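There are 2 protein chains.
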Amino acid sequence: MIVNYIEKANFEDTGFSYTLSLISGKYKMVILYCLMEFHVVRYNELKRYIKTISHKTLSNALKELEKDGLIIRTEYPQIPPKVEYRLSNTGLSLMNILDQLCIWGDAHKPKTEKADV
Amino acid sequence: MIVNYIEKANFEDTGFSYTLSLISGKYKMVILYCLMEFHVVRYNELKRYIKTISHKTLSNALKELEKDGLIIRTEYPQIPPKVEYRLSNTGLSLMNILDQLCIWGDAHKPKTEKADV
DNA sequence: CCGGATCCAAATAGATACTG
DNA sequence: CAGTATCTATTTGGATCCGG
Numbered sequence: 500m501i502v503n504y505i506e507k508a509n510f511e512d513t514g515f516s517y518t519l520s521l522i523s524g525k526y527k528m529v530i531l532y533c534l535m536e537f538h539v540v541r542y543n544e545l546k547r548y549i550k551t552i553s554h555k556t557l558s559n560a561l562k563e564l565e566k567d568g569l570i571i572r573t574e575y576p577q578i579p580p581k582v583e584y585r586l587s588n589t590g591l592s593l594m595n596i597l598d599q600l601c602i603w604g605d606a607h608k609p610k611t612e613k614a615d616v
Numbered sequence: 500m501i502v503n504y505i506e507k508a509n510f511e512d513t514g515f516s517y518t519l520s521l522i523s524g525k526y527k528m529v530i531l532y533c534l535m536e537f538h539v540v541r542y543n544e545l546k547r548y549i550k551t552i553s554h555k556t557l558s559n560a561l562k563e564l565e566k567d568g569l570i571i572r573t574e575y576p577q578i579p580p581k582v583e584y585r586l587s588n589t590g591l592s593l594m595n596i597l598d599q600l601c602i603w604g605d606a607h608k609p610k611t612e613k614a615d616v
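Chains A and B, in that order, give the protein sequences.
Numbers 500 to 616, taken from my numbering, label the letters of the first sequence in order.
Numbers 500 to 616, taken from my numbering, label the letters of the second sequence in order.
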């Protein structure tokens with residue numbers, strides 16, 4: 500199945516590119532991991548966890564993750580506002596796979612200055 | 500293990516980000532799939548397979564893939580030059596994992612107007 | 001044939017100010 | 001509190017010319 504990618508108009512419409520499009524961007528994965536760790540997180544809480552993220556990047560990423568069905572946004576209509584984010588089941592199922600990328604990466608990552616270099 | 504990402508300076512130095520850095524870019528995956536399919540491929544051959552890739556993008560991608568140890572470049576010192584590319588064992592081992600991303604993506608990709616294809 | 005070098009366009013990310 | 005709007009900086013990919 501993997502082979503068809505080349506023929507398929509440069510893999511625009513493949514499952515692989517679809518998956519990658521969900522997690523592309525500098526911070527989406529970090530957000531997902533935060534949600535996995537803390538289960539239910541409010542907007543500013545998330546922003547505090549991911550210290551270096553900007554407002555715009557965070558809010559764009561959250562909107563896309565929600566649109567793609569990986570996370571669930573719950574808004575409480577009150578003053579002051581309260582919004583909570585958490586992983587959907589789809590999001591959770593993706594995390595299992597992404598975890599394998601971590602393991603592979605840890606195994607193959609070049610050791611920095613330790614072993615020999 | 501996955502949880503430490505948030506603490507780890509925004510996951511700069513994690514296995515996950517390392518893995519993603521290897522395959523980031525618009526065409527790296529396509530190149531890897533080509534090599535997986537055709538085993539040993541010359542530069543211009545590759546360029547013909549991936550019709551829309553530009554010269555610069557292809558050569559940059561190949562250099563990085565080689566530097567990262569995913570592919571092997573063999574140069575034949577002759578006129579005209581001949582250079583062959585193929586997957587390394589490391590590259591091959593990564594493909595197994597990436598294949599799972601394809602499968603997940605195919606399973607979760609929203610169907611577009613066509614029931615099945 | 002293989003690719004480097006250069007210049008340009010597009011996409012992505014960050015800083016900051018503002019709003020219900 | 002939870003965002004949006006705007007303007008800029010950085011990164012990325014593409015087109016083209018040149019050289020061994």
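The beta-carbon is built from N, C-alpha and C at its ideal position, and this holds for glycine as well.
Since the model is a prediction, treat every value here as computed from it, not as a measurement.
Check: Would you mind giving the Cβ-Cβ distance between residue 521 of chain A and residue 569 of chain A, rounded to the nearest angstrom? I have them listed as a contact below 8 angstroms.; Outcome: 6 angstroms
Check: Return the Cβ separation of residue 528 of chain B and residue 515 of chain A in integer angstroms, given the expectation that the two are a contact with Cβ distance under 8 angstroms.; Outcome: 6 angstroms
Check: Who are the Cβ neighbours of residue 594 of chain B in its own chain at under 7 angstroms, not counting the five residues just before and after it?; Outcome: 531, 535
Check: Between residue 571 of chain B and residue 571 of chain A, what straight-line distance do the alpha-carbon atoms span, to the nearest angstrom?; Outcome: 43 angstroms
Check: For residue 539 of chain B, count neighbouring Cβ atoms within 10 angstroms of its own Cβ and tell me buried if that reaches 16, exposed if not.; Outcome: exposed
Check: Can you tell me whether residue 521 of chain A is helix, strand or coil according to DSSP?; Outcome: helix
Check: From the DSSP output, in three-state form, read off residue 542 of chain B for me.; Outcome: helix
Check: What first and last residue would you give for the alpha helix (DSSP H) that runs through residue 513 of chain B?; Outcome: No alpha helix (DSSP H) holds residue 513 of chain B; DSSP gives it neither H nor E.
Check: Could you tell me which residues DSSP puts in a beta bridge with residue 586 of chain B?; Outcome: B/570
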